[in-house]
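Student: Please see the structure below; I have some questions.
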Amino acid sequence: MLADLPDDCVDSVITDPPYNSGGRTAKERTSRTARQKYTSADAGHSLPDFTGENMDQRSYGFWLTQIMTEAQRLTKVGGTALLFTDWRQLGITTDAIQAAGWLWRGVLAWHKPQARPQRGRFTQNCEFIIWASNGPIDASRNPVYLPGLYSASQPSGKKRRHITQKPVEVMRELVQICPPDGTVLDFCAGSGSTGVAALLEGRDFIGVEKTRHYTEIAADRLTETLRDTLGQEDCTLAA
Ligand SMILES: C[S@@+](CC[C@H](N)C(=O)[O-])C[C@H]1O[C@@H](n2cnc3c(N)ncnc32)[C@H](O)[C@@H]1O
1 MLADLPDDCV DSVITDPPYN SGGRTAKERT SRTARQKYTS ADAGHSLPDF
51 TGENMDQRSY GFWLTQIMTE AQRLTKVGGT ALLFTDWRQL GITTDAIQAA
101 GWLWRGVLAW HKPQARPQRG RFTQNCEFII WASNGPIDAS RNPVYLPGLY
151 SASQPSGKKR RHITQKPVEV MRELVQICPP DGTVLDFCAG SGSTGVAALL
201 EGRDFIGVEK TRHYTEIAAD RLTETLRDTL GQEDCTLAA
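If you're matching positions, the sequence shown starts at 1 in UniProt numbering and goes up one per residue.
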């Protein structure tokens, strides 16, 4: 899909790839499904699995390097990349983004207030967002002051549409890094949370998702956002 897009067509790549993490041993990480890794027994939902979760760490590093190289071709000079990851994959993710030619700028934290305390240990209540730019940033194009810490719970109940869904309120803050007239790309769109946030914040959005079930959920959520929230009656998504 990315290979068919022209050079310099997006301002920000904001994406949440499969972490390929979630397990104490290499075997657990590569042999269990996304559902087994990221859904607790008492989760209270039966959301389907998604693809791309069974790479070992080296394969994940190569895959991410390749796809972020292609994403850089699509991104204007001065554009930005934001990549979600967890503590285990922090190192490989920062290596991959730099190997792909991006200038690594820092690490943001998503704090999850509902995370369970663990006896005798620190609470695992943060996931991370690696951010980078495609060369120098021209701050005059988007003179924002953005925080480095974001706190919100993962959606629950009827709002939970994906196993590893990100809160729209966090995504709405993150898409501010894209200039107001700009375009956001999410090449692992899942249920479309980045896209919903981009549209709500007046940005254009290009999304790619490989698992059919979630492609349909994302298309529904984007259409609902355009039609019901933004009042655009004629809102056919470009396929
Ligand atoms: C961590 S989830 C994204 C969740 C999303 N942020 C949300 O809030 O719903 C990663 C998604 O990437 C998709 N995926 C995995 N490999 C992919 C690939 N090569 N191309 C496109 N999508 C892919 C998976 O199907 C999964 O839905």
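No residue lacks a Cβ here, since even glycine has one placed at the ideal position from N, Cα and C.
Considering only residues of the same chain and omitting the five flanking positions on each side of ALA81, which have a CB-CB separation below 6 Å?
Tutor: VAL13, TRP102 and ALA132, listed in sequence order.
Student: Specify the secondary structure class of THR164 as computed by DSSP and reduced to three states.
Tutor: DSSP places THR164 in coil when its eight states are reduced to three.
Student: Of all Cβ atoms in chain B, is any one closer than 7 Å to the Cβ of LEU174?
Tutor: Of the protein chains in the structure, only one exists, and it is not chain B.
Student: Does the beta-carbon of VAL208, which I'm using as the reference point, lie nearer than 6 Å to any heavy atom of ligand 1?
Tutor: Yes; taking the cut-off as 6 Å, the Cβ of VAL208 has a heavy atom of ligand 1 nearer than that.
Student: Measure the C-alpha to C-alpha separation of ARG161 and ASP220 and round it to an integer number of angstroms.
Tutor: Going from the Cα of ARG161 to the Cα of ASP220 covers about 11 Å.
Student: Shortest alpha-carbon distance to LEU83 belongs to which of ASN125, THR223 and LYS166?
Tutor: Here the closest residue by C-alpha is LYS166.
Student: How far does the alpha helix (DSSP H) with ALA218 in it extend, from its first residue to its last?
Tutor: From DSSP, the alpha helix (DSSP H) with ALA218 extends over 212–224.
Student: Can you tell me whether DSSP reads ARG105 as helix, strand or coil?
Tutor: Note: ARG105 maps to strand in three-state DSSP.
Student: Is the region 51–60 touching the region 23–30, taking contact as three or more C-beta pairs under 8 Å?
Tutor: The answer is yes - the region 23–30 touches the region 51–60, with three or more Cβ pairs under 8 Å.
Student: My understanding is that GLY52 touches LYS210, with C-beta atoms under 8 Å, so please give their C-beta distance in whole angstroms.
Tutor: With 8 Å as the limit, GLY52 and LYS210 qualify as a contact, their Cβ atoms being about 7 Å apart.
Student: Below 7 Å between beta carbons: does that hold for TYR38 and ILE163?
Tutor: Yes, they are a contact pair.
Student: Beta carbon of CYS188, beta carbon of PRO17: below 7 Å?
Tutor: Result yes, Cβ atoms of CYS188 and PRO17 sit closer than 7 Å.
Student: Does the beta-carbon of PRO18, which I'm using as the reference point, lie nearer than 6 Å to any heavy atom of ligand 1?
Tutor: Because some heavy atom of ligand 1 lies under 6 Å away, the Cβ of PRO18 counts as near it: yes.
Student: Measuring alpha carbon to alpha carbon, tell me which of ILE92, SER193, GLY231 and GLN114 ends up nearest PHE62.
Tutor: With distances taken between Cα atoms, PHE62 lies closest to ILE92.
Student: In chain order, what residues of the same chain have a beta carbon less than 6 Å from the beta carbon of ILE177, not counting five sequence neighbours either side?
Tutor: Counting only Cβ-Cβ distances below 6 Å, and skipping sequence neighbours, we find SER12 and THR80.
Student: Please classify GLU209: does DSSP put it in a helix, a strand, or coil?
Tutor: Residue state, collapsed to three classes: coil.
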